[in-house]
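Asks: Encoded as structure tokens, here's the structure I'll be asking about.
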Amino acid sequence: MATLTPEATELEEPEEHGAEGGGLWSWITTVDHKRIGLMYGGTAMLFFLIGGIEALFIRLQLAVPDATVLTEAQYNQLFTMHGTTMVFLVIMPLAAAFGNYLLPLMIGARDVAFPRMNAMSFWVFLFGGIFLSSSFFLGGFPDGGWFGYAPLSTQSEMIRMDFWALGLLILGIASLAGAINFTTTIFTMRAPGMSMFKMPVFVWMQLVVAFLLLFSLPVITVALFEVLFDRNFGTLFFDPAAGGDPILYQHLFWLFGHPEVYILILPSMGIVSEVLPVFSRKPLFGYQFVVFAGAAIALLGFGVWSHHMFTSGLGPVAESAFSLTTMFIAVPTGIKIFNWIGTTWGGKISLKTPMLFSLGFIAMFTIGGLSGVTHAVVPADTQQTDTYYVVAHFHYVLFGGAMFGIFAGIYYWWPKISGRYLSEPLGKWHFWLMLIGFNLTFAPQHWLGLQGMARRTAVYPPDIGLETLNMVSTIGAFTIAVSMLPFLYAMLVNSRTGAPAPADAWDGRTLEWSISSPPPHHNFHDVPTVEAIDDFWHQKYGEDDEGRAVRVKTFPEPSRYTDKYIHLPSPSYYPIMLAGGLVLMAYGFIFAPLGIPLFVIGALILFGGAFGWAQEDPDHPMGDHDDHHAEPDDGSEPDETAEEAAGDEVEDPTAALADGVVADGGDDA
Amino acid sequence: MIALFLGIVTAVEIAIAYIPDLNRTLLTVGLIGLGILKFSVVVGWFMHLRFENKTMNRLFAIGLVLALSLFFVVLATFSGILAS
Amino acid sequence: MSTETAVHGPVGTDGADIRKTAMWAFLGSECLFFGSFIATFLLYSDETNGGPGTELFDIPFTSVSSFVLLMSSLTMVLAHNAYEREDGRQMRIWLMATALLGTVFLGGQVFEFTTFYAEGLRMDISPFGSAFFVLTGFHGAHVAIGVIMLTSMVIMSRRGNLHAHRGMNVELVGLYWHFVDIVWIVIFTVVYLLQV
Amino acid sequence: MRLIPLALLILLVASACSDNLPRSTLNPVGENAETIDNLFRLTLAIAAVFFVGVNAAVLYVAIRYRARKGDDREPKQIHGNDTLEITWTVIPALILAAIAVPTVQTVFELAEEPADALQVEVIGHQWWWEYRYPELGVVTANEMWIPTDQPVFLSMTTDDEDVIHSFWIPNLNGKRDVVPGRVNTLTISAPEPGVYLGQCAEFCGLSHARMRMTVHAAEPADFDAWVTDQLAPGNVDEDSEGWGLFLDKGCSACHAIGGTEAAGGGLNPGPDLTHVGSRTTFAGGSYQLTTENLKAWLRNPSELKAMEPDANRGMPNLGLTEDEIDTLVAFLQDLK
Ligand code: HEA
Ligand code: HEA
Ligand code: CUA
Ligand SMILES: [Cu+2]
């Protein structure tokens with residue numbers, strides 16, 4: 001496998017056409033999908049540590065019955081923020097990070113369809129995350145649970161739940177922009193020859209996720225607006241006294257919420273589908289079935305939301321219907337599991353860290369999926385819902401599934417990203433400690449739940465059989481924390497001192513391994529032409545009579561540099577400006593009436609950003625706003641309007657609140 | 001042409017809504033039918049969707065179909081059709 | 001079109017304009033946005049909490065403003081035609097006309113809202129009121145944003161920043177505008193005419 | 001190494017099934033709880049098969065097909081197999097169908113209202129439970145008494161200003177949400193006399209954790225005796241110091257005592273105290289009803305249980321002196 005020798009990775013980066021320097025400003029204004037992907041990932045990892053520390057506090061409080069480490073109020077805030085952070089600020093952005101970095105590389109493109117919209121998406125996410133977390137210093141974290149059921153979320157007198165609702169609205173904008181971008185990128189920017197069914201499975205899963213986002217985010221947007229308006233403008237959507245129905249909120253939330261859980265898992269399923277073949281040295285078993293299963297999961301996923309409401313009194317007919325749809329999601333998911341096992345079967349498996357995490361994913365996710373099926377059995381769920389049995393279920397799928405997949409991805413692609421391998425021994429420590437810690441933490445929670453431990457309870461009574469297992473669970477949580485240390489060490493240190501990785505670090509199958517590590521700024525010197533699934537592998541390997549792989553070609557180590565003129569979009573500061581304006585508006589809204597000036601300023605900045613963006617020529621250096629239409633009208637028209645249009649409407653919720661303001665801004669812009 | 005057509009459809013709609021004691025279901029069906037007609041005309045011709053490629057068609061269609069079907073289910077669970 | 005610039009060309013490898021694909025994706029998403037609000041409205045159409053209900057609707061009045069909005073779709077088409085003929089002046093005129101019709105519609109909505117408030121239908125009086133004002137209000141906000149985009153388009157065209165060959169953006173704004181129009185068709189039918 | 005979690009799991013199963021726990025779903029007492037438990041165990045058994053199958057396969061693959069030193073033959077490049085695909089689509093689907101049938105049956109079965117049930121109205125409050133027996137005229141809080149010979153049909157709701165709660169006695173049946181503006185129903189039954197514990201199962205704000213409840217299942221005769229006791233007016237001496245304080249300090253604004261002028265109600269009604277002395281726990285079932293605990297409660301309720309009296313949720317601190325507290329506690333304990 002070591003046919004390619006490392007070289008060229010130690011070079012200083014020479015000035016390259018279109019290359020960005022290393023300064024802070026260059027990161028702030030970057031529109032390069034790789035940098036945006038890295039920023040997305042780095043930020044999300046920071047939030048993971050925050051969310052994890054919140055979880056450690058939760059576990060400390062629960063270690064013994066009637067504990068007083070935290071007050072009830074603090075505990076409620078912590079689990080709300082833990083759930084919200086992990087879902088919206090960790091896993092979703094990590095998936096976006098992988099998508100950003102890898103989609104163009106895997107489909108043979110030089111960037112995503114809308115680089116500036118991409119940058120905006122990141123900045124909105126970052127500021128939105130800061131906005132949400134800053135509530136800690138401005139009156140306390142939100143405390144209504146991660147799904148903020150009305151009327152509890154409309155009842156709280158404090159501004160906390162405003163932070164929650166607005167924060168999620170802002171993050172929704174980031175995700176929607178990302179989804180539009182990814183959809184368009186995948187549909188329209190694939191390398192010549194790469195038909196839909198020659199795309200890597202990871203790309204497919206990102207596409208499915210983008211669809212899920214497109215069609216589920218607007219629903220939670222509506223739910224959040226209704227909560228926000230009930231809280232601030234006296235509307236009565238969820239006020240039972242006036243005839244409003246709290247159950248409507250549950251429908252709207254879970255119409256989003258269930259597709260959301262597949263938004264969280266599918267990217268990891270994509271990652272695993274890439275890793276398993278490479279480390280088994282076999283193609284993915286049943287490619288088409290894996291792809292179709294992914295799409296089927298997504299489609300079915302829109303029809304099962306009420307399984308989160310089995311005890312809310314839907315009536316037996318609706319309960320049965322949703323029970324059936326829910327159960328049958330196990331079928332396509334099972335197809336994936338079996339195909340993955342089929343992939344490894346008869347292969348030549350090397351248990352490198354990415355592979356360990358992928359196998360761990362299969363094992364752990366299956367446990368979570370199976371407990372999901374026991375939830376689908378309505379009568380059983382009436383005992384399980386809102387207990388630690390559910391907590392166990394979703395940590396098995398979210399942590400044992402989504403997070404394990406993400407770790408597999410990080411170990412797998414880090415050599416591509418940094419040009420260096422992460423240490424295998426450290427990786428193995430990380431994996432084994434995490435696997436053990438994870439099971440210690442969450443396996444006991446199945447029993448805790450069945451023995452009557454309700455979730456979201458800051459204290460539980462002694463003498464009803466909950467002590468031992470809670471203690472075990474807490475010990476497990478700290479084991480997970482310890483397991484993160486080798487990982488963090490590897491990331492921080494190995495990225496600079498690890499063994500240099502060649503372009504094709506693992507004898508890979510997909511296009512990103514055909515270019516240098518780290519990739520050139522422009523990704524591909526020449527846009528590749530694709531003939532098969534896993535095209536890069538098929539260029540390297542043929543099959544002998546027995547069907548075994550035989551090496552037919554070896555590529556020289558590609559260079560990071562080219563002397564060709566390669567046209568790349570210029571950096572822009574409008575995306576961050578727009579995002580900044582948006583968040584100022586949100587702060588202004590929260591602190592109204594005092595905040596109204598802030599709101600107005602934010603709206604002006606936002607509109608200025610959008611208007612400037614619409615007129616900026618994306619192909620020319622910043623600040624240079626001369627008329628550049630000397631360039632040939634060869635169809636290389638900049639894509640600004642689409643971004644402007646799409647970007648604009650995405651903001652409409654907030655912009656709508658400031659119509660007059662925006663119009664003013666328009667006049668003097 | 002198309003504009004004229006749309007204008008007429010609207011006029012008919014309003015007329016229908018005003019026909020005294022017209023059967024309620026007939027009214028509903030008629031109005032929804034005309035609404036759909038107008039909708040498709042605008043989307044198909046004004047927005048050129050009729051002439052665009054499949055990707056765009058599908059993107060929009062999925063949104064529409066999902067929106068419609070999901071909300072029928074939601075409303076059904078409320079209205080007691082499913083709640084029995 | 002050389003491969004080198006293709007990365008940024010608006011035409012994707014599937015031969016379609018990438019910006020239009022994005023726009024359609026966005027509009028698909030918007031269907032669910034309005035769908036959710038309409039569902040909320042349908043659910044609450046009887047929840048008047050003792051306050052006024054659909055009997056306040058002035059169908060002839062709203063029909064006229066609906067017609068105005070429908071006609072703005074026509075002027076939008078004309079603007080788009082002018083753009084395709086590369087006739088900047090005509091295009092600006094029709095864009096202005098569209099924006100104007102949109103503004104008239106908004107004016108009508110403001111008038112309607114004030115009347116309703118005077119007659120006691122408020123958004124804090126009943127779930128029906130909440131659902132009605134928030135649904136039609138968000139639609140109005142969409143129209144307002146459309147008007148802003150149309151105006152920006154005119155300004156940009158004046159300043160020469162809207163080059164004929166980049167006129168695609170007129171088409172995109174057009175798509176958005178028509179979409180907002182058809183949403184109104186649905187709202188008008190479901191909320192006003194059917195009075196479910 | 002990999003076997004550690006597995007071994008742990010087995011250990012846990014063993015430990016969980018052995019002892020008798022008052023709040024466990026795993027030792028059902030009520031008929032419905034039993035039906036549910038059987039269905040759950042069936043599902044769990046099927047899940048266990050897949051659990052073992054998949055995990056064993058993963059382990060097997062990792063060991064059996066691990067690249068070995070010196071073997072540089074590449075593996076056969078197998079791209080898929082349609083027969084296999086169909087098999088592992090159809091078999092799980094059939095198995096699920098087999099689970100689906102009893103599931104749907106049970107759903108409908110559990111939704112039926114038994115013919116001869118005792119009716120109880122359950123009202124959830126932030127953060128305590130109110131029970132009304134419309135046929136018997138009894139009103140009580142936090143501790144529900146039921147007879148062992150009769151199923152009990154609960155009609156559950158909350159005040160309009162309140163939030164969603166969920167009523168759950170794991171030994172007796174699954175849970176059911178208590179939603180403002182709606183009436184949800186649930187049937188519980190306890191053929192064995194005993195004390196069954198429960199916990200509000202829908203997050204309802206600050207003191208959700210301490211919104212617990214107790215069900216006392218009693219032999220029919222004991223139950224009837226309890227009802228007779230409850231129907232008696234409160235044991236109040238209108239001339240006593242305790243009663244005076246109860247009126248003066250404003251307790252009567254929130255708490256009712258049957259047969260007296262204290263009618264309770266108000267913005268922030270508290271539990272009916274007519275027979276509070278006969279209860280074993282208080283404050284949403286989170287404290288034993290002892291003299292010490294009651295004193296601490298009157299000293300500062302929020303100290304024992306997090307509440308938001310300023311927002312009309314929970315009992316305020318009334319700033320009583322120690323003497324007043326002693327008198328009131330004695331008064332309360334006499335309310336048998
Ligand atoms: C990554 C996220 C993720 C994923 C993938 C899933 C997957 C599934 N989930 Fe889960 N779920 C959550 C995240 C997720 N869930 C979260 C966060 C919550 C709680 C939210 C909250 O309340 O806070 C939740 C809650 C939840 C509930 C509500 C519980 C309650 O509150 O009462 C239910 C009920 O049906 C459910 C079911 C399922 C099912 C059937 C699947 C299926 O998709 C699983 C399918 C997979 C398998 C079954 C395993 C592999 C298959 C085979 C080996 C084939 C053969 C198997 C059989 C024939 C059985 N989930
Ligand atoms: C992807 C999602 C995700 C992830 C990864 C996790 C990870 C963890 N979660 Fe949680 N969790 C949720 C999503 C997630 N969770 C959700 C959605 C809820 C529901 C919330 C609600 O009810 O509203 C929830 C709820 C929840 C509860 C229930 C709370 C309750 O209902 O009362 C518990 C309790 O044990 C818990 C525990 C944990 C633990 C111990 C981890 C650990 O695995 C975390 C491990 C990570 C770390 C430990 C970080 C790394 C730490 C270090 C590197 C330490 C070094 C530094 C210092 C110590 C300073 N989580
Ligand atoms: Cu009541 Cu939780
Ligand atoms: Cu779900």
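Chains as they are written, first to last, in this note's numbering: chain A, 1 to 669; chain B, 1 to 84; chain C, 1 to 196; chain D, 1 to 336.
Cβ coordinates follow ideal geometry from the N, Cα and C atoms, glycine included.
Fair warning: this is a prediction, and the values are worked out from it, not measured in the lab.
Listed from N- to C-terminal order along the chain, which residues in the segment 292 to 320 of chain D have their beta-carbon within a distance smaller than 8 Å of any beta-carbon of chain A?
Replies: Flagged, chain order: Ala-306, Ala-311.
Asks: Return the chain-ordered list of same chain residues with a C-beta closer than 6 Å to the C-beta of D/Gly-124, the five sequence neighbours on each side being excluded.
Replies: Closer than 6 Å at the Cβ level, and outside the excluded window around D/Gly-124, lie Thr-158, His-165, Val-178.
Asks: So, under 8 Å CB-CB, D/Leu-186 and D/Gln-150 are touching, yes? Tell me the CB distance rounded to an integer number of Å.
Replies: The Cβ separation is near 15 Å, so there is no contact.
Asks: Take the Cβ of A/Asp-567 as the centre, count every other Cβ of all protein chains shown within 10 Å, and call the residue buried at 16 or more, exposed below.
Replies: Here residue 567 of chain A is His; the residue named in the question, Asp, does not match the sequence. The residue is buried, with at least 16 neighbouring Cβ atoms inside 10 Å.
Asks: Which value, in whole angstroms, describes the spacing of the CA atoms of A/Phe-487 and C/Phe-188?
Replies: For A/Phe-487 and C/Phe-188, the distance between alpha carbons rounds to 58 Å.
Asks: Which of helix, strand or coil does DSSP assign to C/Arg-122?
Replies: Three-state DSSP puts C/Arg-122 in coil, outside helix and strand.
Asks: Taking CB distances under 9 Å as the criterion, tell me whether C/Gly-9 reaches chain B.
Replies: Note that C/Gly-9 scores a pLDDT of 40, beneath 50, so its modelled location is shaky; the value from the coordinates is reported in the next line. False, the Cβ-Cβ gap to chain B never drops below 9 Å.
Asks: Quick one: grab the DSSP three-state call for A/Thr-718.
Replies: This structure gives no information on residue 718 of chain A, because the portion of chain A shown stretches from 1 to 669.
Asks: Just jot down, in chain order, the residues whose CB lies closer than 7 Å to any heavy atom of ligand 3.
Replies: Going along the chain, the residues that qualify are D/Gly-124, D/Gln-126, D/Trp-127, D/His-165, D/Ser-166, D/Cys-200, D/Ala-201, D/Glu-202, D/Phe-203, D/Cys-204, D/His-208, D/Met-211.
Asks: Suppose only complete runs of 4+ residues qualify. What are the alpha helix (DSSP H) ranges in the segment 542 to 595 of chain A, listed by chain order?
Replies: Runs of the alpha helix (DSSP H) inside the segment 542 to 595 of chain A: 574 to 590.
Asks: Taking all protein chains shown into account, decide if A/Phe-285 is buried (16 or more other Cβ within 10 angstroms of its Cβ) or exposed.
Replies: Buried, since its Cβ has 16 or more Cβ neighbours within 10 Å.
Asks: Which runs of the alpha helix (DSSP H) at least 4 residues long sit entirely within the segment 223 to 298 of chain A? Give them in chain order.
Replies: Listed in chain order, the complete alpha helix (DSSP H) runs (minimum 4 residues) inside the segment 223 to 298 of chain A are 246 to 280.
Asks: Just the Cα atoms here: how many angstroms apart are A/Ser-134 and A/Ile-173?
Replies: Spanning the two alpha carbons is a distance of roughly 19 Å.
Asks: Determine, for C/Asp-58, whether the minimum Cβ-Cβ distance to residues of chain A falls below 9 Å.
Replies: No, C/Asp-58 lies away from the interface with chain A (no Cβ there is under 9 Å from its Cβ).
Asks: Strictly by DSSP, which residues pair up with A/Pro-500?
Replies: For A/Pro-500, which the question treats as bridged, DSSP gives the partners A/Arg-420.
Asks: C/Phe-34 and C/Leu-135 - do their beta-carbons sit closer together than 9 Å?
Replies: Yes, these two residues count as a Cβ contact at 9 Å.
Asks: Look at the alpha carbon of A/Gly-41 and the alpha carbon of A/Gly-409, and state the distance between them as a whole number of angstroms.
Replies: Going by the C-alpha atoms only, they are around 12 Å apart.
Asks: Output yes if chain C places a C-beta closer than 9 Å to the C-beta of A/Leu-248; else output no.
Replies: So, interface residue.
Asks: Within a Cβ cutoff of 6 Å, which residues of the same chain sit near A/Gly-178, ignoring the five residues on either side of it in sequence?
Replies: Excluding positions up to five away in sequence, the list reads Ala-96, Ser-121.
Asks: Cβ of C/Ala-22 versus every heavy atom of ligand 1: is any distance shorter than 8 Å?
Replies: It does not: the Cβ of C/Ala-22 is nowhere closer than 8 Å to a heavy atom of ligand 1.
Asks: Which residues in chain D sit within 9 Å of A/Val-373, going by Cβ to Cβ distance?
Replies: Residues of chain D passing the Cβ test: Thr-43, Ile-46, Ala-47, Phe-50, Leu-96, Ile-99.
Asks: Using the three-state DSSP reduction, which class does D/Ile-180 fall into: helix, strand or coil?
Replies: Sequence check: residue 180 of chain D is Pro here, not Ile. Coil.
Asks: For A/Ile-91, count the other beta carbons within 10 Å of its own beta carbon; 16 or more makes it buried, fewer makes it exposed. Which is it?
Replies: A/Ile-91 should be labelled buried.
Asks: Ignore the nearest five residues each way along the sequence and tell me which others in C/His-178's own chain have a CB closer than 7 Å to its CB.
Replies: The residues are Ser-73, Met-76.
Asks: Let me know the alpha helix (DSSP H) ranges lying completely inside the segment 12 to 95 of chain A, each 4 residues or longer, listed in chain order.
Replies: The segment 12 to 95 of chain A contains these whole alpha helix (DSSP H) runs: 24 to 28, 33 to 62, 72 to 84.
Asks: Is D/Pro-92 a contact residue of ligand 6, with contact defined as CB to any heavy atom under 8 Å?
Replies: Here the bound small molecules are ligand 1, ligand 2, ligand 3 and ligand 4; ligand 6 is not part of this structure.
Asks: Any chance you could list the beta strand (DSSP E) runs of at least 3 consecutive residues sitting entirely within the segment 134 to 189 of chain A, in chain order?
Replies: Fully enclosed beta strand (DSSP E) runs of 3 or longer: not present.
Asks: Could you give the first and the last residue of the continuous beta strand (DSSP E) run that contains D/Thr-290?
Replies: From DSSP, D/Thr-290 is part of no beta strand (DSSP E); its letter is neither H nor E.
Asks: Do three or more CB pairs link the segment 37 to 44 of chain C to the segment 54 to 63 of chain C at distances below 8 Å?
Replies: With the cut-off at 8 Å, the segment 37 to 44 of chain C and the segment 54 to 63 of chain C do not touch.
Asks: Does the CB of C/Trp-94 have a neighbour CB from chain B at under 9 Å?
Replies: It does not: the Cβ of C/Trp-94 has no partner Cβ on chain B nearer than 9 Å.
Asks: Between D/Thr-260 and D/Gly-234, which are expected to be in contact by the criterion C-beta below 8 Å, what is the C-beta distance as a whole number of angstroms?
Replies: Right, their Cβ atoms sit about 6 Å apart.
Asks: Could you tell me which chain E residues have their CB closer than 7 Å to the CB of B/Leu-66, listed as they occur along the chain?
Replies: Absent from the structure: chain E. Protein chains present are A, B, C and D.
Asks: If contacts are defined as beta-carbon pairs under 8 Å, then A/Leu-398 and A/Gly-108 qualify, I think. What distance do you get, rounded to the angstrom?
Replies: Not a contact, Cβ separation roughly 32 Å.
Asks: In this structure, does DSSP put D/Trp-360 in helix, strand or coil?
Replies: Residue 360 of chain D is absent from the model: chain D starts at 1 and stops at 336.
Asks: Going by CA-CA distance only, name the one from A/Pro-425, A/Gly-140, A/Ile-329, A/Pro-240 that's closest to A/Asn-76.
Replies: Out of A/Pro-425, A/Gly-140, A/Ile-329, A/Pro-240, A/Gly-140 has the C-alpha closest to the C-alpha of A/Asn-76.
Asks: D/Glu-31 lies in the alpha helix (DSSP H); which residues open and close that run?
Replies: Here the alpha helix (DSSP H) through D/Glu-31 covers 31 to 64.
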